[in-house]
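Protein chains in written order, with this note's numbering: chain A, 1 to 114; chain B, 1001 to 1395.
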């Protein structure tokens, strides 16, 4: 078995425009996902909007702390799940069930150090 | 044989090494013991056994060394070995892995040529006109992703199979079209790529005899390739369908293609390869250019545009309309495609307009359309053809 991180990306503006109804649908979707894949789930969190993000970059040895997410794109990282799966196909199968109405998800294998 | 070994080795580099090792052992052993009754099985067994030994050794190493890539345990590998004798399944498994959607299209093509067709990295680099280190890096990157992300070696489950086979067919079709009209360079046809895609299409047909899309693709490759010998003059210059010597078309390939088309068209609605093959079959069955049934071809394009709404298909349909109903209708059909952005840089769009304008006697407009097509064409044989047409205007 391997662990995979499922990164959830979405358009925050579209999320806000959807209002309470979209929010409720999304929460119901995540609850259903959690129930369906309970045995594979190893962790997960929703993240605060990108306005709360702070990035730190390095210019030589100097750390530059700036406001905002690392990459300014339309879809931003909004949350993640950590799941266990036997291979990439199984992980993709799980990831397809993650609600991501205004964006999509990225699946990344977790590196193992024995 | 490589396919069967990969499944045991779980690592493409290791499997390649084991396969080569098995061949080397055969060279020493067979002169003394005689060639075994089933040489293929002998080689596969030797290669697999070697792969298992390597894995066992590696597992011991792993206890003391931190490894970046996690791998299957030897125990589960041995379980699988029991069921590892269905060679056809192994080949399908290997090609599905090479064409996995988590790999880039470039990587899918390169891996398929390397592992399913057995081409060397140098040969693949030459076929795609890239430097060998570039191709080597591309293949290494893809293999690393297979190992690190654990892309499984298996035939996808039934519900995913059609989508996965589509990706495989796309790769084979891309190989064929790249070989059939090389995107750049001095030769029109890259025979090596055409031959490899033909091999792959035949292999898929053997593995999936009931799949209509597979039948359609093999038919398309056969029917298009049947014209290979007649597409250029002895000096290498381009010959169009109306100029080709049809007595030199490969009748065997045409007949095989036509019978596959019948098979492929049985499915409703017919798939895109089946329809493209049906169009090629109409050409193949016309003994003279004048006998071409253009109305049938337009009707087939009408269906093709529905299942495959691509601007290039729409352009080909417009050209067929011009053949069926005259250059004015053809020009109108091309112009109706308007400012389709995908066609803006597509040399065949400008070339089609140029040809209709030439036949309508509108030389000045034809000239500028030919010049536009020339700016967009990088294949030398096609450039020479366009220059010839340009020279004939008002000539």
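Even glycine gets a Cβ: it sits at the ideal position worked out from N, Cα and C.
Everything numeric in this text was worked out from a predicted model, so none of it was measured.
Pick from the options that is closest to residue i, judged by C-alpha positions
i: residue 31 of chain A; options: A/48, A/44, A/20; result: A/44
i: residue 1194 of chain B; options: B/1168, B/1214, B/1221; result: B/1221
i: residue 102 of chain A; options: A/6, A/41, A/3, A/16; result: A/16
i: residue 970 of chain B; options: B/1180, B/1110, B/1329, B/1247; result: Here chain B covers residues 1001 to 1395 and nothing more, so residue 970 of chain B does not appear.
i: residue 1127 of chain B; options: B/1196, B/1332, B/1243, B/1288; result: B/1196
i: residue 1139 of chain B; options: B/1154, B/1153, B/1152, B/1123; result: B/1123
i: residue 1230 of chain B; options: B/1213, B/1249, B/1381, B/1212; result: B/1249
i: residue 71 of chain A; options: A/61, A/55, A/36, A/89; result: A/55
i: residue 1362 of chain B; options: B/1341, B/1331, B/1343, B/1339; result: B/1331
i: residue 73 of chain A; options: A/60, A/61, A/51; result: A/51
i: residue 1235 of chain B; options: B/1107, B/1305, B/1188, B/1141; result: B/1188
i: residue 1338 of chain B; options: B/1364, B/1326, B/1311; result: B/1311
i: residue 77 of chain A; options: A/47, A/19, A/27, A/96; result: A/47
i: residue 1291 of chain B; options: B/1323, B/1342, B/1375; result: B/1323
i: residue 89 of chain A; options: B/1150, B/1270, B/1306; result: B/1150
i: residue 1216 of chain B; options: B/1104, B/1113, B/1274; result: B/1274
i: residue 1223 of chain B; options: B/1205, B/1181, B/1261; result: B/1261
i: residue 1272 of chain B; options: B/1297, B/1202, B/1303; result: B/1303
i: residue 1105 of chain B; options: B/1314, B/1117, B/1173, B/1132; result: B/1173
i: residue 1166 of chain B; options: B/1204, B/1178, B/1177; result: B/1204
Coarse secondary structure for residue i, derived from DSSP in three states
i: residue 1389 of chain B; result: helix
i: residue 82 of chain A; result: strand
i: residue 54 of chain A; result: strand
i: residue 108 of chain A; result: strand
i: residue 102 of chain A; result: coil
i: residue 62 of chain A; result: strand
i: residue 1262 of chain B; result: helix
i: residue 1155 of chain B; result: coil
i: residue 10 of chain A; result: strand
i: residue 1282 of chain B; result: helix
i: residue 17 of chain A; result: helix
i: residue 1415 of chain B; result: Past the edges of chain B, shown from 1001 to 1395, lies residue 1415 of chain B, and the structure says nothing about it.
i: residue 1013 of chain B; result: helix
i: residue 1370 of chain B; result: helix
i: residue 1238 of chain B; result: strand
i: residue 1082 of chain B; result: Bear in mind that the predicted position of residue 1082 of chain B carries a pLDDT of just 36, short of 50, making it unreliable; the figure below should be weighed with that in mind. In this structure, residue 1082 of chain B counts as helix in the three-state DSSP scheme.
i: residue 39 of chain A; result: coil
i: residue 1303 of chain B; result: helix
i: residue 1131 of chain B; result: coil
i: residue 1178 of chain B; result: helix
i: residue 1376 of chain B; result: helix
i: residue 87 of chain A; result: coil
i: residue 44 of chain A; result: strand
i: residue 5 of chain A; result: strand
8 Å Cβ shell around residue i - same chain, five flanking residues per side excluded
i: residue 163 of chain A; result: Here chain A covers residues 1 to 114 and nothing more, so residue 163 of chain A does not appear.
i: residue 1155 of chain B; result: 1089, 1092, 1093, 1096, 1161
i: residue 1103 of chain B; result: 1111, 1142, 1145, 1146, 1151
i: residue 1258 of chain B; result: 1219, 1223, 1281, 1284, 1285
Close beta carbons around residue i, own chain, < 7 Å, minus the five adjacent residues each side
i: residue 1373 of chain B; result: 1347, 1350, 1351, 1354, 1386
i: residue 92 of chain A; result: 107
i: residue 1377 of chain B; result: 1347, 1383, 1386
i: residue 1198 of chain B; result: 1221, 1225
i: residue 67 of chain A; result: 54
i: residue 1239 of chain B; result: 1230, 1231, 1232, 1233
i: residue 75 of chain A; result: 9, 10, 11, 103
i: residue 80 of chain A; result: 5, 6, 7, 8, 44, 45
i: residue 1242 of chain B; result: 1289
Own chain, CB closer than 6 Å to residue i, minus 5 neighbours either side, in chain order
i: residue 1367 of chain B; result: 1393
i: residue 1076 of chain B; result: The pLDDT assigned to residue 1076 of chain B is 40, lower than 50, so where the model puts this residue is not dependable; a value taken from the coordinates is nonetheless given after this. Here the set comprises nothing.
i: residue 49 of chain A; result: 12
i: residue 26 of chain A; result: 99
i: residue 1061 of chain B; result: Summary for residue 1061 of chain B: the model assigns pLDDT 45, below 50, so the residue's position carries little reliability, and this model does not support an answer.
i: residue 1119 of chain B; result: 1113
i: residue 1065 of chain B; result: Bear in mind that a pLDDT of 36 at residue 1065 of chain B, under 50, signals an unreliable position, so the number given afterwards is only what the model happens to contain. Once the five neighbours on either side are set aside, residue 1065 of chain B has no close Cβ partner at all.
Three CB pairs or more closer than 8 Å across the segment 1273-1289 of chain B and the segment 1252-1261 of chain B = The segment 1273-1289 of chain B is in contact with the segment 1252-1261 of chain B.
Are three or more beta carbon pairs between the segment 1350-1364 of chain B and the segment 1386-1395 of chain B nearer than 8 Å?
-> The segment 1350-1364 of chain B, when compared against the segment 1386-1395 of chain B, does touch it at the 8 Å Cβ threshold.
Answer yes if the segment 92-111 of chain A comes into contact with the segment 4-12 of chain A, meaning at least three C-beta pairs across the two stretches below 8 Å, and no otherwise.
-> The answer is yes - the segment 92-111 of chain A touches the segment 4-12 of chain A, with three or more Cβ pairs under 8 Å.
Any chance the segment 1141-1161 of chain B sits against the segment 1095-1110 of chain B, with 3 or more Cβ pairs inside 8 Å?
-> Look at the beta carbons and you see the segment 1141-1161 of chain B touching the segment 1095-1110 of chain B: at least three pairs across the two are nearer than 8 Å.
Within 8 Å of chain A by C-beta, residues of the segment 1137-1152 of chain B in sequence order = Those would be 1148, 1149, 1150, 1151, 1152, in chain order.
Contact set between the segment 73-97 of chain A and chain B, restricted to residues whose Cβ is under 7 Å from the partner = Cβ contacts with chain B: 87, 88, 89.
Cβ contact check for the segment 1207-1222 of chain B and the segment 1260-1275 of chain B: 3 or more pairs under 8 Å | Judged by Cβ distances under 8 Å, the segment 1207-1222 of chain B makes contact with the segment 1260-1275 of chain B, as three or more pairs qualify.
Listed in chain order, which residues of the segment 1097-1127 of chain B have Cβ atoms closer than 7 Å to some Cβ of chain A?
-> Residues passing the 7 Å Cβ filter: 1102.
Chain-ordered residues of the segment 1-13 of chain A with a beta carbon less than 7 Å from chain B = Cβ proximity to chain B below 7 Å picks out 2 from the segment 1-13 of chain A.
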